[in-house]
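**Student:** Just so we're aligned: 212 in our numbering is position 77 of the sequence shown, and the numbers increase by one with no gaps anywhere. Here it is, the structure, as structure tokens.
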Amino acid sequence: MPTVRGISITQTTPRKVVPQASLIELKTRAAHRELDWAEIYPQLYLSQTALLYIAKHERGNFNTLEKVELGSESMQTHARRAEQGVAKLKLVLQDISDAAKKEGVGVGLSLVAMGGKLALYKHHEGTGKGPGKDITDKFN
136 MPTVRGISIT QTTPRKVVPQ ASLIELKTRA AHRELDWAEI YPQLYLSQTA
186 LLYIAKHERG NFNTLEKVEL GSESMQTHAR RAEQGVAKLK LVLQDISDAA
236 KKEGVGVGLS LVAMGGKLAL YKHHEGTGKG PGKDITDKFN
């Protein structure tokens, strides 16, 4: 198992479940560019990725590796800024879930974004193939 700057790396086979605590995010940036935390923090929050490593380079030479913990005090400002967007996302996901439950089990639905609008469409009978039981069981 190779180790790079204190991070041990393990290659797994496809479909092997990896413990959430073992996951990290790695971002690279030119040393003079800052991260867009308004974009990055919600991604980390939703994926529940606890650790972000930021590797900064100058003309392709990497000199620094910064470790950022999602739950750290330094991230609280970004967490507060993301709260409103995450709350809106929760409401939208709840609406989608309620609409899908209203249609019942086995009804094919498609969520489509077009022209800045999100719509849920019901499949006509006999078209498309719905998700398998292994997927639908995760939502019950």
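Heads up, the beta-carbon is just placed ideally off N, CA and C, and yes, glycines get one too. Predicted, not measured: the structure shown is a model, and the values here were computed from it.
Inspect the beta-carbon positions of Tyr180 and Leu205 and report whether they are closer than 8 Å.
**Tutor:** Cβ atoms of Tyr180 and Leu205: closer than 8 Å.
**Student:** To the nearest angstrom, how far is it from the Cα of Val203 to the Cα of His259?
**Tutor:** 48 Å
**Student:** If you check the beta carbons only, do Ala173 and Arg215 fall under 8 Å apart?
**Tutor:** Not in contact: Ala173 and Arg215 (Cβ atoms no closer than 8 Å).
**Student:** Would you kindly check if the distance between the Cβ of Ile189 and the Cβ of Arg168 is under 8 Å?
**Tutor:** no
**Student:** Using a Cβ-Cβ cutoff of less than 7 Å, which residues in the same chain neighbour Gln155 once the five nearest sequence positions on both sides are dropped?
**Tutor:** Gln183
**Student:** Pull up the distance between the alpha-carbon of Tyr256 and that of Ala234, whole angstroms please.
**Tutor:** Within the model, the alpha-carbon separation for Tyr256 versus Ala234 is close to 10 Å.
**Student:** Less than 8 Å between the beta carbons of Leu246 and Ile231, yes or no?
**Tutor:** yes
**Student:** Would you kindly work out how many angstroms separate the C-alpha atoms of Leu187 and Leu253, rounded to a whole number?
**Tutor:** 31 Å
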